[in-house]
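Working notes, beginning with the structure itself.
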Amino acid sequence: MSLNRSPLMDRSFLFSRPVTQTGLPVWCDFTFTTLIGRCLNTPPSSAIMQTEDFIYLFLLLLSISIGFVLRNFKDVQKKKWISTTIGFTMLLIVSGVYHVLHPVILTLVNAVIVLYINKRFCHIVSFVFCFSYLMFIRTSEYFGVAYPPNLCSTAVMMMVLKMVGLAYEVNMHSLKQASNDESDKQKEYFMRIKPSFFDIFHYSFCYAGVLVGPYYRYRTFEDLFNKPYSKSVSHNDFLKKRIIVVPLYIFLYLLSDYFFPLSLAASKEIWDFPFLYRVFYVWPWFFSFRMRIYCAFVLGECICISLGLGAYPEKGAAQPGAGPTNLNAMQEIENEPKLLKVIPYNFETIRGMNEMASEFRPTIREGIRYWNMTVQYWLAIYIYRKTAASKPIKMFVTMFVSALWHGVHPGYYLSLLGTPLLLISEIQVEKAFRKNAPELQQKIYDFIWYFVKMQSVSYMGVAFILLEIRAILHYWSSIYYIGHIFTLVLFTIAFLKNRFAKRTFKKDKNLPSELEHSKSL
1164 MSLNRSPLMD RSFLFSRPVT QTGLPVWCDF TFTTLIGRCL NTPPSSAIMQ TEDFIYLFLL
1224 LLSISIGFVL RNFKDVQKKK WISTTIGFTM LLIVSGVYHV LHPVILTLVN AVIVLYINKR
1284 FCHIVSFVFC FSYLMFIRTS EYFGVAYPPN LCSTAVMMMV LKMVGLAYEV NMHSLKQASN
1344 DESDKQKEYF MRIKPSFFDI FHYSFCYAGV LVGPYYRYRT FEDLFNKPYS KSVSHNDFLK
1404 KRIIVVPLYI FLYLLSDYFF PLSLAASKEI WDFPFLYRVF YVWPWFFSFR MRIYCAFVLG
1464 ECICISLGLG AYPEKGAAQP GAGPTNLNAM QEIENEPKLL KVIPYNFETI RGMNEMASEF
1524 RPTIREGIRY WNMTVQYWLA IYIYRKTAAS KPIKMFVTMF VSALWHGVHP GYYLSLLGTP
1584 LLLISEIQVE KAFRKNAPEL QQKIYDFIWY FVKMQSVSYM GVAFILLEIR AILHYWSSIY
1644 YIGHIFTLVL FTIAFLKNRF AKRTFKKDKN LPSELEHSKS L
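Numbering (our numbering), first residue to last: 1164 to 1684.
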């Protein structure tokens, strides 16, 4: 009679030396998710589905609690090294010994670029390298290298924004330094950065933002250690206001995910449902996705708040990602240290989401503007504004870079590159039916357009969620690509109406001069 030993009792797998499907020794590709999967006697991929979210949530909550202790450290260097060590350890947990090399390589090469490449074009070199390396990671199996775990890939995405952003900051600081304009001199003072090799590593691996974001500039990171704001702000008040919504988001996510499973989109059963049911089924799918993202992003903000990262006086008019924009007010505060204890503060610099505005503002533009705001800032400043082209081209390039940053799956491109079409259509429709309309008509328009907005972004968003081209086209074909057709028809009607109105206006404008030169009485 044989005794069936429990996987929990038999831990010999920890010391065996099999290899993975990619040919790597198991210890190279070892993470906590594979450990739990083996203990549960389930395949690694299945274990990831069961445990990755739990580990992610645990690390985010742990990061929040760490801030309460770390923010009281007075030794700046010790504080930096501890935050870096914690960040690296978390990456090691979610990535494994082998894949943690990706963020190390990315940071190391960028440190060399920022410190030793000419400041006039170091940002271009950094951008090309970072996005090339990101593409390599996403296609690494074609080169015989295993894909990194999802959480490692997310961390590398955030590091790409930081490293490219740092190179741009160095470039812009050098330009302001060479300027003779007085306003540029003031900006140069508040943009002044001179990172060392280890400073770049501290910025890249700081545990605040390493797993989920938000994106923050190097200057914001330095202000945490060198400015008194983080010591003067009431952390707990801001933390309570922000974290209180997380249980609600988790509950709504689990509820919607249970009753409206995403697997239906790629199944044959979807054709059994009525047409209108299939059309509006995207609402709960995209709602579930948004609740999941809100939960992660709000916890990311809470990590920064507990540490004091991104705290600035309200008078500084801080904006997400950018930091203070009212430099005169900041200068006045620095000249009057007594004000630090009495002035109000905020954490707008690290605010990633304005959920209420994104959900309930009536236009697509506003919904996008208040979604992932720190990354929106990065895209606006470093891509949109730097692209010398017409607005539609700039919009397309920005969305393409955003899709490239997210990954190589077709769903990212079908979703994000479809967004400019929605935005251009919205502008035309607003011009045709809302502009110059009576107040009541504008309110009716806003009410109707809100539902159009939610349907449109959900329709495009389902491609972002499904990712695979077959699944996306399977669902879109089940509703006969109604989202694309509706948008194009709406754009055509609005465009023609605007053209006709423009011609009529020109005729009316020329009418008095024609009458003036008329020979008839």
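Even glycine gets a Cβ: it sits at the ideal position worked out from N, Cα and C.
Cβ neighbour criterion (16 or more within 10 Å) applied to residue i
i	result
R1441	buried
V1461	buried
P1583	buried
Q1539	buried
W1639	buried
K1616	buried
N1491	exposed
P1377	buried
Y1444	buried
F1368	buried
D1362	buried
N1281	exposed
S1619	buried
G1200	Its pLDDT being 41, under 50, G1200 is placed unreliably in this model, and the value from its coordinates should be taken loosely. So G1200 counts as buried.
L1439	exposed
M1519	exposed
Residue i, enclosing alpha helix (DSSP H) - first and last residue
i	result
V1291	1285 to 1301
Y1421	1409 to 1422
C1467	1445 to 1470
K1598	Segment: none, K1598 is in no alpha helix (DSSP H) and carries neither H nor E.
K1431	Neither: K1431 is in no alpha helix (DSSP H) and is coded neither H nor E.
I1256	1239 to 1262
K1404	1398 to 1406
Y1366	1360 to 1368
G1574	1573 to 1579
I1642	Counting along the chain, I1642 falls outside any alpha helix (DSSP H), and DSSP gives it neither H nor E.
F1388	1381 to 1389
K1394	1392 to 1395
Other residues of its chain near residue i: CB distance less than 8 Å, five sequence neighbours each side excluded
i	result
A1459	Y1219, L1223, V1375
F1193	Here F1193 scores only 43 on pLDDT, less than 50, and its place in the model is too uncertain to base an answer on.
I1406	I1227, V1461, L1462, C1465
V1263	F1251, L1254, L1255, C1315
F1245	The sequence as given places Ile at residue 1245; Phe does not occur at that position. Around I1245: L1233, F1236.
L1580	F1559, M1562, F1563, A1566
V1239	F1388, N1389
E1477	I1506, P1507, Y1508, N1509
G1471	G1230, R1234, L1387, Y1392, S1393, K1394, V1396, H1398
V1571	M1298, R1301, T1302
I1642	F1438, R1441, V1442
Sequence-distant residues of its chain with Cβ nearer than 7 Å to residue i (five each side left out)
i	result
F1231	S1469
A1595	A1657, K1660, N1661
G1486	R1380, R1382, T1383, Y1475, T1512
V1272	F1292
Q1591	F1654, A1657, F1658, N1661
P1391	L1503
P1555	P1583, I1587
S1451	Y1416, S1419, D1420, F1423
W1541	L1324, G1328, Y1378, G1484
C-alpha distance - residue i paired with residue j, whole-angstrom precision
i	j	result
A1309	F1563	26 Å
I1628	F1449	8 Å
N1498	G1372	31 Å
Y1416	P1410	10 Å
W1612	L1402	35 Å
F1614	L1503	45 Å
S1685	M1454	As displayed, the chain neither begins before 1164 nor continues past 1684, which places residue 1685 out of reach and without an answer.
I1356	D1609	45 Å
L1636	S1565	22 Å
D1435	A1664	45 Å
A1274	F1364	8 Å
K1598	K1394	48 Å
I1300	G1515	26 Å
P1437	T1248	55 Å
G1574	G1624	9 Å
G1186	M1321	At G1186 the pLDDT is 42, less than 50, meaning the model places this residue with poor confidence; the figure from the coordinates comes in the next sentence. The straight-line gap from Cα to Cα measures roughly 28 Å.
Y1644	N1334	45 Å
S1430	V1267	41 Å
Close-in-space but distant-in-sequence residues of the same chain around residue i (CB under 6 Å, 5 per side omitted)
i	result
A1330	V1277, C1285, H1286, S1289
P1447	S1419, F1423
G1646	Y1622
S1521	G1530, Y1533, W1534
Y1412	M1454, Y1457, C1458
In chain order, each alpha helix (DSSP H) run of at least 4 residues that lies wholly inside the region 1486 to 1562 | 1490 to 1498, 1518 to 1523, 1527 to 1532, 1536 to 1542
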